[in-house]
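Peer 1: Structure incoming, see below.
In structure tokens form, the structure reads like this:
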């Protein structure tokens, strides 16, 4: 089987991570021979080349956890959380999200995939006590997990489309 | 000798550190019985309460190292650097400052007091290789050193003024 090169453009990459610097650098590094190669490039770019303003840009591109997500990806990632929340836990999550944003200046970022509402709330309360710079780095690590999941979906969709073309 | 309480207002505190959050929290914590007490409060507020946007605000309140400083404090702090710079080292410092700002998204912050131009340039080049999040925290530590020096000057000026009043 010959190696497939996957091309990712800036717009697709912005959907994985809302920092323009990230999307531009990744698009320059594209095409990728494998998902692993794309993830390695993404990690290098995110942690070494994107500056703190770029991190803040990416954070602000997300819907708040527990709010009705506008993108299909956010909706899928938060489906467990949304299914396990009731009215009172939704309210508590919303209150704590507000407290978090007031304290840190950006929204609470968590890779929500497969996590229940109660788990997310407990994590938010725990992280709320962190120093701002520590929390900033944790949020960036969570953002990277989200980016990796989205890159994997993008790769799998492209691979299917490509194998359909070559049949 | 009775204990003197030193009152610091928001405007004076903004001159020590250009984050509004910092100045407001410090003004609330004022008056202070000693410089040590003020510095402890300042460290707590800066590292635990001021968020990453507040850090960026404080950084952007500084003149670039090597550029003619507008405030008297910056001028005094950079006096050794300015006295030891020649035309070529000034140019090199300016070039590296631009590279630094492009990489990190904020200006190079260093407690310049007593440091020669060549030392500052060497430090800038060394710090340029750091990851953005690491450099962000180092810059915040340098900002705190600058704030401490300025608080000490403010305290000493106020103590003099106060002892003059009570003579």
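Residue numbers (my numbering), protein chains in the order written: chain E, -13 to 153; chain A, -13 to 153.
Every residue, glycine too, gets a C-beta built ideally from N, C-alpha and C.
Values in this document were obtained by computation on a predicted structure and should not be read as measured data.
1) Within its chain, find whatever has a CB closer than 6 Å to the CB of residue 83 (chain E); leave out the 5 residues flanking it on each side and keep chain order.
2) Report yes or no: is there a C-beta of chain E within less than 8 Å of the C-beta of residue 119 (chain A)?
3) Kindly list, in the order they appear in chain A, the residues whose Cβ is closer than 7 Å to that of residue 90 (chain E).
4) What does the alpha-carbon distance come out to for the pair residue 120 (chain A) and residue 129 (chain A)?
5) State the Cα-Cα distance for the pair residue 146 (chain E) and residue 60 (chain E), rounded to the nearest angstrom.
6) If you draw a straight line from the C-alpha of residue -8 (chain E) to the C-alpha of residue 3 (chain E), how long is it?
7) Can you tell me the Cβ-Cβ gap for residue 36 (chain E) and residue 10 (chain E), rounded? I've got them flagged as a contact below 8 Å.
8) For the candidate residues E:66, E:135, E:97, E:23, whose alpha-carbon lies nearest to that of residue 125 (chain E)?
9) Residue 75 (chain A): beta carbon under 7 Å from a heavy atom of the ligand PLP?
10) How would you list, in chain order, the residues of chain A whose beta-carbon sits under 9 Å from the beta-carbon of residue 34 (chain E)?
11) Look at the alpha carbon of residue 44 (chain E) and the alpha carbon of residue 116 (chain A), and state the distance between them as a whole number of angstroms.
12) Quick check: what's the CA-CA separation for residue 135 (chain A) versus residue 12 (chain A)?
13) Can you find a C-beta in chain A that's less than 8 Å from the C-beta of residue 6 (chain E)?
14) Would you kindly work out how many angstroms separate the C-alpha atoms of residue 137 (chain E) and residue 86 (chain E), rounded to a whole number?
15) Based on the DSSP output, what are the partners of residue -8 (chain E) in its beta bridges?
16) Where does residue 63 (chain E) land, buried or exposed, given buried means 16+ other C-beta within 10 angstroms?
17) For residue 46 (chain A) versus residue 92 (chain A), is the C-beta spacing smaller than 8 Å?
18) Here's the rule: buried if 16 or more other CB atoms are within 10 angstroms of the residue's CB, otherwise exposed. What is residue 52 (chain E)?
Peer 2: On the basis of the coordinates in this document:
1) Apart from the 5 residues on each side of it in sequence, residue 83 (chain E) sits with its Cβ closer than 6 Å to the Cβ of 50, 94 in its chain, given in chain order.
2) Flagged as an interface residue toward chain E: residue 119 (chain A), by a C-beta distance shorter than 8 Å.
3) By Cβ distance, chain A contributes 37.
4) If you take the alpha carbons of residue 120 (chain A) and residue 129 (chain A), they lie about 14 Å apart.
5) A straight line joining the alpha-carbon of residue 146 (chain E) with that of residue 60 (chain E) spans about 22 Å.
6) Each residue's CA atom was taken as its position, placing residue -8 (chain E) and residue 3 (chain E) some 18 Å apart.
7) Taking a contact as a CB-CB distance under 8 Å, the pair residue 36 (chain E) and residue 10 (chain E) does not count as one, their CB atoms being some 10 Å apart.
8) Of the listed residues, the one whose Cα sits closest to residue 125 (chain E) is E:97.
9) As presented, the structure is devoid of all ligands, the ligand PLP included, so that no description of it is given.
10) Against residue 34 (chain E), the close residues of chain A are 117, 118, in the order they occur along the chain (beta-carbon pairs closer than 9 Å).
11) Distance between the alpha carbons of residue 44 (chain E) and residue 116 (chain A): 21 Å.
12) Their backbone Cα atoms lie some 16 Å apart in a straight line.
13) No, residue 6 (chain E) does not count as interfacial toward chain A.
14) Looking at the two C-alpha atoms, the distance is approximately 28 Å.
15) E:18, per the DSSP bridge assignment.
16) Buried: at least 16 other Cβ atoms inside 10 Å.
17) In this structure, residue 46 (chain A) lies near residue 92 (chain A), with their beta-carbon atoms less than 8 Å apart.
18) Buried, because 16 or more other Cβ atoms sit within 10 Å of the Cβ of residue 52 (chain E).
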